[in-house]
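Worksheet: one structure, shown below.
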Amino acid sequence: MLSMRSVIGVIGGAMLAMGAAQAEYDIPKVTDIDEVTRGEGKSIVDSACIRCHGAGVMGAQGKGAPGWQHLVDARGFETLTRNVIRGRGAMPARGGVSDASDAQIAAAVRYFLETSDVDLEAVEH
Ligand code: HEC
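This is the structure in structure tokens:
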């Protein structure tokens with residue numbers, strides 16, 4: 092039978108593992124997103140992200156707004172993607188698409204930026 096101490100040890104270990112899993116996302120490089128995932132990203136943008144970012148409601152920048160290039164230059168693709176995964180301000184985690192994978196959200200961010208006239212060629216991070 093497990094002693095109380097080892098039970099606490101197991102629970103503590105699981106909590107540490109969960110903390111680590113939350114901190115680490117599986118975000119691909121912007122150039123490493125395959126065609127299939129890019130298609131899924133487009134669907135996510137068209138069905139979900141556009142609700143706020145289409146016209147630009149609740150403080151969300153609209154698609155094609157000039158501020159996007161600035162954000163990419165300042166924060167980089169990975170940080171922007173992480174902020175979408177975590178949620179930021181009025182934006183819910185994963186833009187509300189809770190079952191989307193990290194790679195699918197990255198693909199959505201990529202598609203969104205590409206169609207907002209952001210130069211992703213220059214983005215290395
Ligand atoms: C409910 C409205 C809403 C939805 C849906 C939404 N967003 Fe946002 N988004 C926002 C708001 C508001 C901000 C500004 C957050 C802030 O900085 O306070 C934002 C910010 C962002 C940013 C900038 C993050 C940063 O680091 O400043 C990106 C990129 C983004 N959204 C992409 C997406 C993508 C991709 C989706 C779909 C998966 C999505 N958003 C869905 C409201 C939304």
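Just so it is clear: in the sequence shown, position 112 is 203 by my numbering, and no numbers are missing.
Positions of the beta carbon are idealized from the N, C-alpha and C atoms, including for glycine.
Where the alpha helix (DSSP H) through residue i begins and ends
{"i": "D208", "result": "From DSSP, D208 is part of no alpha helix (DSSP H); its letter is neither H nor E."}
{"i": "K120", "result": "Run containing K120: none; DSSP gives neither H nor E here."}
{"i": "C143", "result": "141-144"}
{"i": "G132", "result": "126-135"}
{"i": "A156", "result": "No alpha helix (DSSP H) holds A156; DSSP gives it neither H nor E."}
In DSSP terms, what residue i is bridged to
{"i": "M182", "result": "R179"}
Whether residue i touches residue j by CB criterion (9 Å)
{"i": "K154", "j": "S207", "result": "yes"}
{"i": "F168", "j": "R129", "result": "no"}
{"i": "I124", "j": "A181", "result": "no"}
{"i": "A199", "j": "C140", "result": "yes"}
{"i": "A191", "j": "E131", "result": "yes"}
{"i": "G187", "j": "I196", "result": "no"}
Residues of its chain near residue i, where Cβ-Cβ distance is below 7 Å and the 5 sequence neighbours each way are ignored
{"i": "A184", "result": "I176, R177, G178"}
{"i": "G147", "result": "G153, A156"}
Nonlocal neighbours in the same chain, by C-beta distance under 8 Å from residue i, ignoring five residues either side
{"i": "G145", "result": "G153, K154"}
{"i": "R173", "result": "Y116, I118"}
{"i": "E205", "result": "L211"}
Same chain, Cβ closer than 6 Å to residue i, neighbours up to 5 away in sequence not counted
{"i": "G158", "result": "Q152"}
Closer than 9 Å to chain B by CB, residue i
{"i": "D193", "result": "The displayed structure is made up of one protein chain only, and chain B is not part of it."}
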